[in-house]
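Everything in the sequence shown is counted per UniProt numbering, starting at 1 for the first residue and increasing by one.
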Amino acid sequence: MTATAEPSAAVPPPRPPRPGTVTVAFWLQLATVLILLGLVTLLVLAAVDWNDAIDKALRQVPDADPDEVRAERWNTVMMATVFGVPALLLALWLGLTSGWVLRGSNTARVMVFVAGGLQLLLCVVQGCAGAFLIPFGLAFALTDGPYVDETYPEEVPPPDDEFWQESNFIEALYDQPNAFEVFLPLTGLGVLLVFLLTAAVVLLLALPPAHRWFVPRTDPATAWPLPGRDIPNAYLVGYPVPMSHPGYPAPSGHPPQAGYPPAYPSPPWYGAPDAGYAVPGYTVPGPDPAGHLPPQAAPPTGPETPPTPADPPLSDGPTAPGGGEHGSAGSGGVDQADR
């Protein structure tokens, strides 16, 4: 079967069924988003509670240093911003890409990989920074002892000076009970869970079944014939051509008849006309016997005899010369007795 229409654009292959690893990764991603939102909420509540504690300490110590009070409020806002904003951005990142990941978007999958890489980079940077500070802490702990009075520089006050003593505002602030100290271990556990869940999501989305679902393999386009040739049917492109049965031999020519030259042999087998190439399974029929005239008998081959002249008709006309009538004996005709 052939088609004369123009070849259409390549149809992408159908997407295989969604593997279970993608579904599991979707739910783990949602769990990560919920944990991150919980951590952000906890940070905001802790900042608000600490600001209320500053107000209570300020009411207890009205003559507190304004710079000291301002520094405490600034530290509270900075801690909530430094830890809360990245957690909120990561939650939005993973939350917005989770739905597209479930629909099979490879772009969303790559964005999840980027989020996992950023978390890994942040953990590595923090770990390296902590390891870099360990030698300084050990060197400070292994010192011989506290400085004596004579070793202190003149511009630095001695340890028993009021400069090193905590102010009444700081004592009133940190002596208050803080309910969020109980959630401090939960905060560290939440950060660890976020890192582990993100790593699990990245691993599940990188497995071969998930990769084949996000990036289906496309077959090369079928080469179309040159102009003037038959164009294969668009519905049959990409399917194997079924094997055909061998064709039947063409019938032989008729035997020669008397008086006719010998019959020509059957023409060789060709494909369908105007096809451009042979089509297996089709044969060209031989000459139709019904299209020939039946043989006729040969005419006689003996010498031909000239035709005899016909007798003149009898009539009562005038007598012939010599005194006789037509047909009488005297005129050379046939006698009545001879009739």
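We treat Cβ as the ideally placed atom computed from N, Cα and C, and that holds for glycine.
Since the structure is predicted, the reported quantities are computational estimates derived from the model, not experimental observations.
Do you know how far the Cα of VAL77 is from the Cα of PHE180? When rounded, the distance between both Cα atoms is 16 Å.
Using DSSP with H/G/I as helix, E/B as strand and the rest coil, what is GLN126?
In this structure, DSSP gives GLN126 a helical state, which the three-state scheme calls helix.
Discussion item. Report the CB separation of GLY84 from VAL44 in whole angstroms; it is logged as a contact under 8 Å.
Written reply: Confirmed, Cβ separation roughly 7 Å.
Where LEU204 sits in the DSSP three-state scheme
Three-state DSSP puts LEU204 in a helix.
By DSSP, does ASP190 sit in helix, in strand, or in coil?
Note on residue identity: the sequence assigns Gly, not Asp, to residue 190. In this structure, GLY190 counts as helix in the three-state DSSP scheme.
Classification of TRP27 by the beta-carbon crowding that lies within 10 angstroms, buried from 16 upward:
So TRP27 counts as exposed.
### Query
Cβ of ASN168 within 9 Å of Cβ of ALA64?
Yes, the pair counts as a contact, with Cβ atoms nearer than the cut-off.
With H, G and I counted as helix, E and B as strand and the rest as coil, what does DSSP make of ASP175? Here ASP175 sits in coil by DSSP.
Query raised in the report: Would you report the Cα separation of PRO19 and GLY130, rounded to the nearest angstrom?
Result: Straight across, the Cα-Cα distance linking PRO19 with GLY130 is about 41 Å.
* To do: Within 10 angstroms of the Cβ of LEU42, are there 16 or more other Cβ atoms? Answer buried if so, exposed if not.
  => LEU42 counts as buried, since at least 16 other C-beta atoms from the protein chains shown sit within 10 angstroms of its C-beta.
**OP:** Classify THR23 as buried or exposed, calling it buried when 16 or more other Cβ atoms lie within 10 Å of its own Cβ.
**Re:** Answer is exposed; the Cβ neighbour count stays below 16.
**Message:** Assuming VAL124 and ALA91 are in contact, meaning their beta carbons sit under 8 Å apart, how far apart are those beta carbons, in whole angstroms?
**Reply:** In this structure, VAL124 and ALA91 do not form a Cβ contact; the two beta carbons are roughly 21 Å apart against a cut-off of 8 Å.
Reduced DSSP secondary structure (H/G/I, E/B, other) of VAL82 | Note: VAL82 maps to helix in three-state DSSP.
Quick one: is GLU171 buried, meaning 16 or more other Cβ sit within 10 Å of its Cβ, or exposed? Classification of GLU171: exposed, given that the 10 Å Cβ count is below 16.
| said: Using a Cβ-Cβ cutoff of less than 6 Å, which residues in the same chain neighbour TRP93 once the five nearest sequence positions on both sides are dropped? | reply: Excluding sequence neighbours, TRP93 sits near ALA115.
Helix or strand or just coil, what does DSSP make of residue 356?
Lying outside 1 to 339, the shown extent of the chain, residue 356 is not represented and no answer is given.
Do you know offhand how far PRO216's Cα is from GLY99's? In this structure, the straight-line span from the alpha carbon of PRO216 to that of GLY99 is close to 19 Å.
| query | Where ARG59 and THR81 are concerned, what is the direct C-alpha to C-alpha distance, given to the nearest angstrom? | reply | Each residue's alpha carbon lies about 26 Å from the other.
- 6 Å Cβ shell around ILE35 - same chain, five flanking residues per side excluded: For ILE35, same chain residues with a beta-carbon under 6 Å away, outside a window of 5 residues either side, are GLY190, LEU193 and VAL194 in chain order.
Q. Which value, in whole angstroms, describes the spacing of the CA atoms of PHE183 and TRP50?
A. Computed Cα separation, rounded: 14 Å.
**Message:** Helix, strand or coil, according to DSSP, for ARG103 in the structure here?
**Reply:** DSSP places ARG103 in helix when its eight states are reduced to three.
Within 10 Å of its beta-carbon, does GLU166 have 16 or more other beta-carbons around it, so buried, or fewer, so exposed? Label assigned to GLU166: exposed.
Requested in this report: Tell me whether LEU121 is buried or exposed, calling it buried when 16 or more other Cβ atoms sit within 10 Å of its Cβ.
Outcome: The residue in question, LEU121, is exposed, as its Cβ has fewer than 16 Cβ neighbours within 10 Å.
- prompt: Would VAL110 pass as a contact of GLN29 if the rule is Cβ separation under 9 Å?
  reply: No, Cβ-Cβ distance for VAL110 and GLN29 is not below 9 Å.
### Task
Could you name the residues of the same chain whose beta carbon sits closer than 7 Å to that of PRO318, not counting the 5 residues immediately before and after it, in chain order?
With a pLDDT of 49 at PRO318, under the threshold of 50, the modelled position of that residue is not reliable, and the figure given next carries that caveat. Contacts found: none.
| message | Just to confirm my understanding: we take ALA53, look at its own chain, exclude 5 residues before and 5 after, and list those with CB closer than 8 Å. What are they? | response | Exclusion of the five residues before and after ALA53 leaves LEU173, GLN176 and ASN178 as the residues of its chain whose Cβ lies within less than 8 Å of its Cβ.
Short Cβ contact (9 Å threshold) for GLY104 with ARG212
No, they are not a contact pair.
message = Buried or exposed, going by whether 16 or more other CB atoms sit within 10 Å of the CB of LEU133?
response = With fewer than 16 other Cβ atoms within 10 Å, it is exposed.
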